[in-house]
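With the numbering used here as the guide, the letters of the sequence shown map in order to residues 1 to 771. The beta carbon of each residue, even a glycine, is placed where N, CA and C say it ideally should be. Keep in mind it's a predicted model, so treat the numbers as computed, not measured. In what follows, a structure is listed as structure tokens, so that the remarks can point back to it.
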Amino acid sequence: MRPGQTMRATACIIAAGLLPAVTPALSAQRADADPAGAGEDGAHPNAPHGILDLHRLSGPITLDGISDEAAWAEIDPLPLTMYEPTFGGDSDRKIELRVGYDQEAIYVAARFFHDDPSRIRGYSLTRDRWVGDDGFAILLDTFNDNENSLRFVGLPLGTKMDMSITGDGQNEGGAGGSGPRGMSWNTFWDLETKITDEGWFGEMRIPFSSLRFEPLEDGSVVMGMMAYAYEPADGNRWTFPAIPPRFPYTQVSAMQDVRMTGVVPRSPVYVSPYGLLGSVRSAALAPDSTRWDRSTAADREVGVDIKINPTPNLTLDLTVNTDFAAVEVDNQQVNLTRFSLFFDEKRPFFQERAGIFAFETGADQGTLFYSRRIGLANGSPVPILGGARLVGRVGKWDVGLIEMQTEAVDSTVASENFGVLRLRRRVWNDNSFLGGMATSRVDTDGIFNVTYGVDGLFRVAGDEYVTLKWIQTVRGGDASVDTLPSGRDAARVVVDWTRRRLQGLSYRHALTWSGVGYEPGVGFEPRSDFTRAQSDWGYQWFPGGESIFRRMWLGVESNVWVRNADDRVDTGQLRPFVQLETKPGATFVLAANTSYEDVPEAYALPDGSADVPVGSYWATEGSLELRAARGWAVRPNVTLTAGEFFDGTRTGLKSDVRLTVNQYLELGGGWEWNHIRFDNRGQSFDSHLLRLKADGALDVHFSVNAFLQYNSLTDQVTTNTRLRYNFREGQDLWFVWNTNLNMERDILGMPRLPFEQARTLTMKYTHTLVL
Numbered sequence: 001m002r003p004g005q006t007m008r009a010t011a012c013i014i015a016a017g018l019l020p021a022v023t024p025a026l027s028a029q030r031a032d033a034d035p036a037g038a039g040e041d042g043a044h045p046n047a048p049h050g051i052l053d054l055h056r057l058s059g060p061i062t063l064d065g066i067s068d069e070a071a072w073a074e075i076d077p078l079p080l081t082m083y084e085p086t087f088g089g090d091s092d093r094k095i096e097l098r099v100g101y102d103q104e105a106i107y108v109a110a111r112f113f114h115d116d117p118s119r120i121r122g123y124s125l126t127r128d129r130w131v132g133d134d135g136f137a138i139l140l141d142t143f144n145d146n147e148n149s150l151r152f153v154g155l156p157l158g159t160k161m162d163m164s165i166t167g168d169g170q171n172e173g174g175a176g177g178s179g180p181r182g183m184s185w186n187t188f189w190d191l192e193t194k195i196t197d198e199g200w201f202g203e204m205r206i207p208f209s210s211l212r213f214e215p216l217e218d219g220s221v222v223m224g225m226m227a228y229a230y231e232p233a234d235g236n237r238w239t240f241p242a243i244p245p246r247f248p249y250t251q252v253s254a255m256q257d258v259r260m261t262g263v264v265p266r267s268p269v270y271v272s273p274y275g276l277l278g279s280v281r282s283a284a285l286a287p288d289s290t291r292w293d294r295s296t297a298a299d300r301e302v303g304v305d306i307k308i309n310p311t312p313n314l315t316l317d318l319t320v321n322t323d324f325a326a327v328e329v330d331n332q333q334v335n336l337t338r339f340s341l342f343f344d345e346k347r348p349f350f351q352e353r354a355g356i357f358a359f360e361t362g363a364d365q366g367t368l369f370y371s372r373r374i375g376l377a378n379g380s381p382v383p384i385l386g387g388a389r390l391v392g393r394v395g396k397w398d399v400g401l402i403e404m405q406t407e408a409v410d411s412t413v414a415s416e417n418f419g420v421l422r423l424r425r426r427v428w429n430d431n432s433f434l435g436g437m438a439t440s441r442v443d444t445d446g447i448f449n450v451t452y453g454v455d456g457l458f459r460v461a462g463d464e465y466v467t468l469k470w471i472q473t474v475r476g477g478d479a480s481v482d483t484l485p486s487g488r489d490a491a492r493v494v495v496d497w498t499r500r501r502l503q504g505l506s507y508r509h510a511l512t513w514s515g516v517g518y519e520p521g522v523g524f525e526p527r528s529d530f531t532r533a534q535s536d537w538g539y540q541w542f543p544g545g546e547s548i549f550r551r552m553w554l555g556v557e558s559n560v561w562v563r564n565a566d567d568r569v570d571t572g573q574l575r576p577f578v579q580l581e582t583k584p585g586a587t588f589v590l591a592a593n594t595s596y597e598d599v600p601e602a603y604a605l606p607d608g609s610a611d612v613p614v615g616s617y618w619a620t621e622g623s624l625e626l627r628a629a630r631g632w633a634v635r636p637n638v639t640l641t642a643g644e645f646f647d648g649t650r651t652g653l654k655s656d657v658r659l660t661v662n663q664y665l666e667l668g669g670g671w672e673w674n675h676i677r678f679d680n681r682g683q684s685f686d687s688h689l690l691r692l693k694a695d696g697a698l699d700v701h702f703s704v705n706a707f708l709q710y711n712s713l714t715d716q717v718t719t720n721t722r723l724r725y726n727f728r729e730g731q732d733l734w735f736v737w738n739t740n741l742n743m744e745r746d747i748l749g750m751p752r753l754p755f756e757q758a759r760t761l762t763m764k765y766t767h768t769l770v771l
């Protein structure tokens, strides 16, 4: 760094260091206003103690939504406590939740009484799609491991939502919310609702055959349980048990332990064969480059997925000729950085208890296991011949195992075998674990990549958590094996100390060292050969009373990345921010990001119209973000950024707007715009990403989803249209239509592009048999 740069870096470090000196004073000022009254050991004084015996139903339940049977009358409603907008606040709403069970299932009854039924918010008719509806839910930690749970949600129109929650319901970095969620996870359960002049009412039935659990030695079953009711129009959420706002409302370790007797684990076998018919039409440039040749190919596939339970605590998924045709396409992204982009996993096969495979590696979104390495190459599908996935618990050990075999694609992608093994167990206390993970990737030529590591998460006191990780890569099978880095040079080490809380002072300090040869073949790593220091601080409080704000947050995030090869700072970042959340749920974020980048090799922006030369750059950029309240009919989420970009300037906009027209239709649109200028070099870059969505449904059985994207960098429009008819749980008929259209057809030096570059039309039928 030059002297001026050193001064600026020093100022950044001093600013980051001042925050911990200021926050104790702020904490003292807010001590009297702590609405949660939480103790320093991380437990709330009103948190439930002991085990609650769930009421066993004395008679049969007719699942019609009304819950007027005598068996329900014997059960008292759960004592609900307002979680938001004001913890422990009063309300004149009359809402009742009851939970009971019999030898076959867990039942939940909800009663939302209304003087004015027109205030009932019921919009969604599509499975797993929430658009601002009222709702009720139960969360079950079936293994009682204080780490993972399953959430079942009922909406007024009879729409079901189910998902898995991992990581103790905590968002990465302690940002709050509802924790990491697996929205693609689905299982078999029933919901019935009814709207009357008195309000709306619902009943759930969750069969024990859809849950994995293990009875205790005395034959009883103990699970963690949390239930809530939600009315987003006023931002009201009530929970049982009472969970203070310093924790996410989905925090698994804060759930109430409940006991059931006379319950036996069920182990049905689910066999789901599918048949697929389709056509693929595409245009390819002729060998002499004078024309575009069109071709049409038929697509006929059959396959099967099998789900069995070798033991009450284990789930084994087997798949042959796996197909993901019905999965929604990815959102396109524009990459302005030197590093690879991360895309979320949407395929259901990888979703059940996905949290057990989590193994973060101390880099931006770095992970030892990235399931999109399997069956995808550069975003395009690779046929999966078959595989197996085993998750669950053996004794005191959480177990995860994946074995998959992919097919070769012409001469471009080799046939490969992928393996993943994950083991971990609780140690010390209920919130600490020690474990290990190994991944392998081997192709038909014998070239292999094996990466393995050990990790530990330890709750040392209160909300203080220490994470330790060591990971190692071994590669070989080709002529270059003797020149590949090994030993320490192919390792990564992570040390992390975090205070997890959403109220008062929170922080995260982490140090990561990565060797040049660390390269997990089934993982995701945007960087290698670096040392990273991270220090994030935050202070949050809940004003309460008559304030319009539910939560206020001051914080600063800081990172420094150093290249091990030359000991130069590669990237430095300092981002102070202010976040304000209103009681209805709208959130405003104001931030300033000061960054330092040392670019060792020039790189071009996506369309090649501008580049970033070798050099060192300081840049400061401001951003303003609006996140819509969850109960708004029109929900805009907008982020505006402006400031320096390397040796130029950038103005950017990211927006996503959703409009709920009625219960049958929801519309959405998004625009991502980048306006970059390098005036001193006479270069410029502009990009536009446009997205349009329409989600419609006639009832809970028939739905249609249309997704259109336009990318100005390629001048192409892509469409993804999916029609689904759900006959019953596990029986679906899909029609999927994808197109790739050229908007700019005249390109110098090439024959005129066809308007339709590619088109696929697929019909898929799946029928699940329960044996």
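- Approximately 53 Å separates the beta-carbon atoms of arginine 294 and leucine 63; this is outside 8 Å, ruling out the contact.
- In the pairwise beta carbon analysis, the region 218 to 230 is classified as not touching the region 562 to 582: fewer than three pairs are separated by under 8 Å.
- When the alpha-carbon of leucine 97 is set against those of Glu104, Leu423, Thr81, the nearest one is in Thr81.
- For the beta strand (DSSP E) assignment, the uninterrupted runs of no fewer than 3 residues enclosed by the region 66 to 148 are, from N- to C-terminal side, 81 to 84, 95 to 101, 105 to 113, 135 to 141.
- In the DSSP assignment, the residues bridged to glutamine 540 are Gly504, Trp553.
- Note on glutamate 581: 16 or more other CB atoms within 10 angstroms of its CB, so buried under the neighbour-count rule.
- For tryptophan 185, there is no enclosing beta strand (DSSP E), as DSSP marks it with neither H nor E.
- With fewer than 16 other CB atoms across the displayed protein chains lying within 10 angstroms of its CB, serine 289 is exposed.
- Ranked by how close their Cα comes to the Cα of glycine 517, the residues Gly476, Ala510, Ile95 have Gly476 in first place.
- In the structure shown, the three-state DSSP call for glycine 400 is strand.
- Each residue's CA atom was taken as its position, placing phenylalanine 549 and arginine 627 some 14 Å apart.
- Excluding residues up to 5 positions away in sequence, Gln534, Gln573 lie with their Cβ nearer than 6 Å to the Cβ of asparagine 559 in the same chain.
- The C-beta separation of valine 450 from alanine 438 comes to about 7 Å, placing the pair in contact by the 8 Å criterion.
- For threonine 322, the closest alpha carbon among the candidates Asn309, Ser712, Glu403 is that of Glu403.
- Secondary structure in the region 580 to 646: the beta strand (DSSP E) runs of 3 residues or longer, each lying completely within the stretch, are 587 to 599, 615 to 627, 634 to 645 in chain order.
- In this structure, the alpha-carbon of arginine 246 lies about 17 Å from that of glutamine 256.
- Buried is the label assigned to tyrosine 274, since at least 16 other Cβ atoms lie within 10 Å of its Cβ.
- Between glutamine 332 and leucine 624, the CB-CB gap reaches or exceeds 9 Å.
- When rounded, the separation of the alpha-carbon atoms in alanine 610 and phenylalanine 678 is 8 Å.
- In the displayed model, valine 522 falls within coil according to three-state DSSP, outside both helix and strand.
- Residue Arg56 holds the alpha-carbon nearest to the alpha-carbon of valine 258 among Arg568, Arg425, Arg56.
- One Cα belongs to glycine 362, the other to valine 494, and the distance between them is close to 6 Å.
- Nearest to phenylalanine 645 by alpha-carbon distance, out of Ser514, Lys654, Ala619, Val657, is Ala619.
- Excluding five sequence positions before and after arginine 281, the CB atoms of its chain that fall closer than 6 Å to its own CB belong to Thr296, Arg759, given in chain order.
- The residue among Phe152, Val599, Asp53 with its C-alpha nearest the C-alpha of serine 210 is Phe152.
- In the displayed model, valine 466 falls within a strand according to three-state DSSP.
- Where leucine 318 is concerned, the enclosing beta strand (DSSP E) starts and stops at 314 to 322.
- Going by C-alpha positions, leucine 191 is about 16 Å away from aspartate 133.
- Within the DSSP bridge table, the entry for asparagine 742 names Gln716 as partners.
- Within a 10 Å sphere around the beta-carbon of proline 613 sit fewer than 16 other beta-carbons, which makes this residue exposed.
- The beta-carbon separation of glycine 167 and alanine 110, rounded to 27 Å, does not stay under the 8 Å limit for a contact.
- In the structure shown, serine 371 falls within a helical segment according to DSSP collapsed to helix, strand and coil.
- Contact between the region 337 to 354 and the region 409 to 419 is not established, with fewer than three Cβ pairs separated by less than 8 Å.
- For aspartate 53, the three-state secondary structure derived from DSSP is strand.
- Around the beta carbon of arginine 568, a 10 Å sphere encloses fewer than 16 other beta carbons of the protein chains shown; the residue is thus reported as exposed.
- Taking 9 Å as the cut-off, the beta carbon of phenylalanine 357 is found no closer than this to the beta carbon of arginine 300.
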